[in-house]
Each structure stands twice: as C-alpha cells, then as structure tokens.
Amino acid sequence: MTRTIEPDRPLAGKVAYVTGAARGQGRSHAIHLARAGADIVAVDACAQIATFSGYPMAEPGDLAETAHLVEAEGRKILTAQVDVRDLDGQQKAVADTIKTFGRLDFVVANAGVCSWGRLWEISPEQFRETVDINLIGVWNTIKATVPAMIAAGNGGSIMTISSSAGVKAPPGCGHYAASKFGVVGLTKSLAVELGEYGIRVNTLLPYGTNTALGNDTSMYKLFEDHPAYVYSYTPNLLKTDGLVEPDEISDVVVWLASDSSRVITGAQVPVDKGFLAR
Ligand SMILES: NC(=O)c1ccc[n+]([C@@H]2O[C@H](COP(=O)([O-])OP(=O)(O)OC[C@H]3O[C@@H](n4cnc5c(N)ncnc54)[C@H](O)[C@@H]3O)[C@@H](O)[C@H]2O)c1
328 MTRTIEPDRP
338 LAGKVAYVTG
348 AARGQGRSHA
358 IHLARAGADI
368 VAVDACAQIA
378 TFSGYPMAEP
388 GDLAETAHLV
398 EAEGRKILTA
408 QVDVRDLDGQ
418 QKAVADTIKT
428 FGRLDFVVAN
438 AGVCSWGRLW
448 EISPEQFRET
458 VDINLIGVWN
468 TIKATVPAMI
478 AAGNGGSIMT
488 ISSSAGVKAP
498 PGCGHYAASK
508 FGVVGLTKSL
518 AVELGEYGIR
528 VNTLLPYGTN
538 TALGNDTSMY
548 KLFEDHPAYV
558 YSYTPNLLKT
568 DGLVEPDEIS
578 DVVVWLASDS
588 SRVITGAQVP
598 VDKGFLAR
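Counting in the numbering used here, the sequence shown tops out at residue 605, every number present.
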C-alpha cells in the first residue's frame, strides 16, 4: 500500500521519542519533528545531575516550555522527567508512548553532558559519569525503544547524537571523546542488526553548537593552561560568525527521519560546517 505523503508534513501520523528535549538541540529537534507532522515524546532529567559540567542542566520549566512549543505546532506531546541512566524509567516512558500514541517511529538519542580536564587528571567519578550518561544512556534509550519499534513492524529511523569528538579526538575532553566514539560504534552495530526490520540507524556529528553545553566557558581555563590545545579546535571551512544553531542540526534530523533519506543507514553525518574535513 502506498502511503500518501503531505509535502509540508512528511512525518504526519508518526511518533518521535527525543531525549534531552527540555532545551538546546533536543528541544529544537522536538519542535522541527512536530512541524513536519510527528507527535512527540520528550524525555529529560530536568535536574542538576551533572557533577562536573561548567553549566547547569535543564529544569522542569524548560520541559514544560518544550511541550508548549510543540503544541503550538499543532501536535501532541507526552513529557517524561527521566534520567537516561534509568533504564526502567525509559522503559516506562516507552510503554506510556505506546499506550498514548499506539506506535513509535523515530528515536533521537540526544541527551548528553560535557566537561573538561586532561585524562590522567580527571577523577574516576568524572570519567564514569560522562560514559554513564553519554554512552550507557544512549544504549538504555535503544534497549527501551527498539523492541516497541520491531513489534510495530513499521520500520523507522533512529538517530544518535554523537559529536565531531566521536570521530576526531580533541585534547581536554578525552572522557567525552571516549563516550562519543562509543556512540558511533554502537550506532554502526545497531544499523547492521536492525536493517532486516527496515529500521535505519544513523549518527550525527555536530561541532560547536549554540547551546548551554556549546557555550561552556570552563573550557577556556584549559586553553589558558595549555594554549597549544586550541589548534585542535580549528575554524570551520564555511564562513561563520558564530556557532552552529540547533535549528540547523534539526533540519538534518528531520531529513534523516523522513523517507527522503530512505537509502541511508549506518552513516556518520557531520553537521559541522566542514570542521571534520580539514
Ligand atoms: N553544543 C555542542 O557544541 C555540541 C557539539 C557536539 C555534540 N553535542 C551533543 O549534542 C547533544 C545535546 O546537547 P546540547 O548542545 O543541546 O546541550 P544542552 O546542555 O543544552 O542540552 C542537553 C539536555 O540534556 C539533558 N540531560 C543531560 N543529562 C541527562 C540525563 N542523564 N538524562 C536525561 N536528560 C539529560 C539536559 O537537562 C539538557 O536539557 C549532547 O549529546 C551533546 O553531547 C553538542
């Protein structure tokens, strides 16, 4: 049976599960997916759970604002205040998704944290917290969502948010790079495993993006102490007067969710104005 696709709402009738959706890139992805026609499940810890980051996490009011903005697009939204490290919490959110919407088509595993320090100087707690949230948190999202997608039998698209630091390791955040390299490996394996179910799996590699994480000034202390590190953070190829805007990443998320990218899976997609090409 051929599905009728409304040109301006290519994702109509579909449902997207987005983590880290209270603000920043996750909120933007939720709004853009809704604008393209999808109903949204927005997950965020909304709590100060990041012990080592130089910027605060989102608050419950931020998730409520995401809900308001998605509803303003004319779509439905279910919110869940869940830490991605909590597998049971994510499984409950998925059960609520199926109860409310009856299906799950897209996953954006986006929640993540960043902090700074040299690998032999950071504490075991800082290393573990980063890997727990950025890598095991993504695996929890996959473990919670994939069975429902397979059971629905509608195929779908999973997008993990890694980083340029997931393929080109920079100094000063090796723990972050290790977690993001892990996300790339996990995504590639999952793409191979899910091909037979018609579920596509791709990872996005953003570089500096205009969010709380991307504007964390605590990294400048590291550059002051180790000025040579700055050369690893070279300018992008495209002319720019600032960081990449979350909207610009969301355009790629909507494309990867849509049938326009139906032959693309197992890919790492840079969204970096050419940073990785230099
Ligand atoms: N901003 C950048 O420069 C940049 C570059 C490359 C990759 N990324 C990645 O993009 C993703 C989104 O980050 P952002 O830039 O929007 O930052 P952000 O800090 O604005 O948003 C991250 C969101 O995730 C939530 N979150 C954090 N830990 C969580 C947890 N354990 N469980 C549930 N929610 C949690 C926060 O509350 C926040 O709402 C992250 O994975 C980040 O590593 C960001």
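C-beta: ideal position from N, C-alpha, C; glycine also.
Nearest C-alpha to Lys548 among His502, Trp443, Ser585 and Ala584: Trp443. By the Cβ neighbour-count rule, Glu456 is buried, with 16 or more other Cβ atoms within 10 Å of its own. The beta carbon of Ala479 lies closer than 7 Å to those of Arg430 and Leu431 in the same chain, with the five residues before and after it left out. Taken through DSSP and simplified to helix, strand or coil, Ile485 comes out as strand. Taken in chain order, the whole alpha helix (DSSP H) runs of length 4 or more contained in the segment 410-434 are 414-428. Selection Gln453, Glu520, Ala438 and Glu575 evaluated against Ser489 yields Ala438 as nearest (Cα-Cα). In the DSSP assignment, Tyr547 is bridged to no other residue. Bridge partners of Cys500 according to DSSP: Gly444. If you draw a straight line from the Cα of Ala594 to the Cα of Thr393, it is about 29 Å long. Taken atom to atom, the span from the alpha-carbon of Pro451 to that of Ser491 is near 24 Å. The segment 360-369 makes contact with the segment 332-346; the number of CB pairs closer than 8 Å reaches 3 or more. For Ser506, the Cβ stays outside the 6 Å cut-off from all heavy atoms of ligand 1.
Secondary structure at Ala539: coil, using DSSP grouped into helix, strand and coil. At a Cβ-Cβ threshold of 7 Å, Val434 and Tyr524 do not count as neighbours. Distance check between Gly381 and each of Asp574, Met546, Thr561 and Ile425 places Met546 closest, using alpha-carbon atoms only. If you look at Ile404, you'll find it in the beta strand (DSSP E) that goes Ile404 to Gln408.
For Ala604, the CB contacts under 7 Å within the same chain, skipping 5 residues up- and downstream, are Leu564 in chain order. Excluding residues up to 5 positions away in sequence, Leu532 and Leu603 lie with their Cβ nearer than 6 Å to the Cβ of Pro597 in the same chain.
Distance check between Ser559 and each of Lys507, Tyr534, Leu540 and Asp578 places Tyr534 closest, using alpha-carbon atoms only. Taking 7 Å as the cut-off, the Cβ atoms of Val370 and Phe428 do not count as close. If you draw a straight line from the Cα of Ala496 to the Cα of Asp599, it is about 15 Å long. When C-beta atoms of the segment 577-588 are compared with those of the segment 509-519, fewer than three pairs fall below 8 Å, so the two segments do not count as touching. In this structure, the beta-carbon distance from Ala436 to Asp410 does not fall below 7 Å.
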